[in-house]
Amino acid sequence: MAGYIFKRNKGVKMDRILTVEESIEVSNKLRGENKKVVLVGGCFDLIHVGHIKFLKEAKKYGYTFVLLECDESIKKLKGEGRPITPLLERAEILASISYVDYVIILNKMINDDEYTKLVRNIKPNFIAITKGDSLKSVKEKQAKDIDAEIIEVTEKVEDKSSSRLAQLLRNINI
Numbered sequence: 108m109a110g111y112i113f114k115r116n117k118g119v120k121m122d123r124i125l126t127v128e129e130s131i132e133v134s135n136k137l138r139g140e141n142k143k144v145v146l147v148g149g150c151f152d153l154i155h156v157g158h159i160k161f162l163k164e165a166k167k168y169g170y171t172f173v174l175l176e177c178d179e180s181i182k183k184l185k186g187e188g189r190p191i192t193p194l195l196e197r198a199e200i201l202a203s204i205s206y207v208d209y210v211i212i213l214n215k216m217i218n219d220d221e222y223t224k225l226v227r228n229i230k231p232n233f234i235a236i237t238k239g240d241s242l243k244s245v246k247e248k249q250a251k252d253i254d255a256e257i258i259e260v261t262e263k264v265e266d267k268s269s270s271r272l273a274q275l276l277r278n279i280n281i
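FYI, in our numbering the residues of the sequence shown are 108 to 281.
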């Protein structure tokens, strides 16, 4: 699993940005102290109010661990010209948000089996999603596998999306 994680840049403050191994260790420690762990995953390109509301609601359930998708995954999912914000910058922005306890950077695309293995090793109590999440059935299977609970913390807000913001920026032709 170490291959999934971004190599640390010594010039960047990384105290809330963890390797997979560190995230497993921190999760185990927190659960050993009867604290709840909430797993959140996403692209988080062009952070907007919808992201903040989602993270705020997820935080109500426990310590938030954000699995941050790599640039390659976002490009494949969202198309050419994405992400707008590079991986390390997205990680730093997320780590600075009070509703985020830890960020786990995925530095390469991983398939569903690898993602499931990662979730199994972190062993969250909750997996937070938005209502209408297109991957809900996959996440439900992952949650069931580890006795975690799926929590739908917010509605998906179509007019508040990174894709919409990226399109608006492209239309401006700066």
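Using N, Cα and C, we set each Cβ at its ideal position, and we do this for glycine too.
Y222 and G188 have their C-alpha atoms spaced approximately 25 Å apart. In the DSSP assignment, the residues bridged to F172 are L146 and Y209.
Counting C-beta atoms within 10 angstroms of its own C-beta, L146 has 16 or more neighbours from the protein chains shown and is therefore classed as buried. Look at K263 here: in three-state DSSP terms it is coil, with no helix or strand label. Counting of Cβ neighbours within 10 angstroms places D122 among the exposed residues, the total staying below 16.
In the DSSP annotation of this structure, the continuous segment of the beta strand (DSSP E) that includes I234 starts and ends at F233 to K238.
Under the DSSP assignment, K182 falls in the alpha helix (DSSP H) whose first and last residues are D178 to K185. By DSSP's assignment, E256 forms a beta bridge with F233. Excluding five sequence positions before and after L125, the CB atoms of its chain that fall closer than 6 Å to its own CB belong to Y209 and I211, given in chain order. Within the DSSP bridge table, the entry for I124 names V210 as partners. If you draw a 10 Å sphere on the C-beta of S244, you find fewer than 16 other C-beta atoms in it, and that means exposed. One alpha carbon belongs to I200, the other to A235, and they sit about 19 Å apart.
Scanning its chain for C-beta atoms nearer than 7 Å, with the 5 sequence neighbours on each side dropped, one finds around I154 the residues I200, in chain order.
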